[in-house]
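Engineer: Got a structure for you, written out below as structure tokens; questions coming shortly.
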Amino acid sequence: MSCLMSFYWTSLGPIMSPVQTINVAMLQDLYHEQCDSVGIMFASIPNFSDFYMELEANNEGVECLRLLNEIIADFDESLRYSLHHADEALQPETQGCQILGEPQFGCIEKIKTTGYTYMAASGLTSSTVDLVDFTHITRLADFALRLKEQLEHVNQHSFNSFKIRIGLSLGPVVAGVIGAKKPQYDIWGNAVNVASRMDSTGELDKIQVTQEVYSVLSKYGYDLECRGIVKVKGKGDMLTYFLLGKKDSLDSAV
């Protein structure tokens, strides 16, 4: 059974992305599945709370929420392909479509948003995990870099100075659905906690990755900088790296 599930209740309508559909009777059982090699990303906008408090003081809280919704919607747009085509092969007639929802992000699934933090994961199904070349990890790295570009675009058009902070990790997780009235798909595990810590202990405008992620990306033309030892709650000292971009992209920008 696939890690990603789509649940349809006639009384509630679609609850999750339509990757697969299962019988409502299966909701009576606790759904869970072990996923052995998953890339996890946490992306947050720490200075958004300051922006909200400033606008709320001027009775403009709704405007703040509207902007946050636009930012999250932009992030979601990058994954539009995965929401509709995660289990489909790319057809020749669609190969020319170069919108934000590019097919290379089809292995990535948005998990949830909490406040100004965006969580996504890659390699949650047998059809999207790559245990040979780890393309689901390189594509998650590309997605993280894309989010930085998109937020810069938002800043230019909204005259703001939001800063994104991203953390990436790699490892096994347990995927499951919790709840009866409003079932929610989520993932749990040490790798999830570490990805969250890579975000919270990171730096603004930077993507902090674990040594496991570094070991993959360093083989495929990504430019990474060793940050050094970081004290991580619950993990102790960890050697981490900053993902700067792809070497060919950096060279062309010089």
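Numbering (my numbering), first residue to last: 5 to 258.
C-beta: ideal position from N, C-alpha, C; glycine also.
Could you tell me the distance, in whole angstroms, from the CA atom of K235 to the CA atom of L71?
Structural biologist: Each residue's alpha carbon lies about 34 Å from the other.
Engineer: Given that a residue counts as buried once 16 or more other Cβ atoms are within 10 Å of its Cβ, and exposed if not, what is V136?
Structural biologist: So V136 ends up on the exposed side.
Engineer: Quick one: Cα of Q99 to Cα of I191, how far?
Structural biologist: Confidence at Q99 is low in this model, with a pLDDT of 31, below 50, so its placement is unreliable and no value can be given for it.
Engineer: Taking 7 Å as the cut-off, decide whether the C-beta atoms of P187 and V196 are in contact.
Structural biologist: No, Cβ-Cβ distance for P187 and V196 is not below 7 Å.
Engineer: Looking at C-alpha atoms only, which residue of G171, I76, K116 is the closest neighbour of D146?
Structural biologist: Closest by alpha carbon: G171.
Engineer: Taking the C-alpha atoms as reference points, what is the distance between A199 and G249?
Structural biologist: Taking the straight line from one Cα to the other gives about 19 Å.
Engineer: Would you grab the beta carbon distance between D203 and K167 for me? Rounded to a whole angstrom, and I think it's under 8 Å.
Structural biologist: Wrong, their Cβ atoms sit about 12 Å apart, outside the cutoff.
Engineer: Start and end of the beta strand (DSSP E) containing K114?
Structural biologist: Unbroken beta strand (DSSP E) run through K114: 112-118.
Engineer: Please list the terminal residues of the continuous beta strand (DSSP E) segment that includes V42.
Structural biologist: Here the beta strand (DSSP E) through V42 covers 36-48.
Engineer: Taking its Cβ as the centre, do 16 or more other Cβ atoms sit within 10 Å of L144, making it buried, or is it exposed?
Structural biologist: Classification of L144: buried, given that the 10 Å Cβ count is 16 or more.
Engineer: Beta carbon of A47, beta carbon of L151: below 7 Å?
Structural biologist: Yes, Cβ-Cβ distance for A47 and L151 is below 7 Å.
Engineer: What is the DSSP secondary structure of Y224, counted as helix, strand or coil?
Structural biologist: Correct three-state label for Y224: coil.
Engineer: DSSP three-state label for M30, please.
Structural biologist: Caution applies to M30, whose pLDDT of 49 falls short of 50 and renders its modelled position unreliable; the value that the coordinates give is listed next. Note: M30 maps to helix in three-state DSSP.
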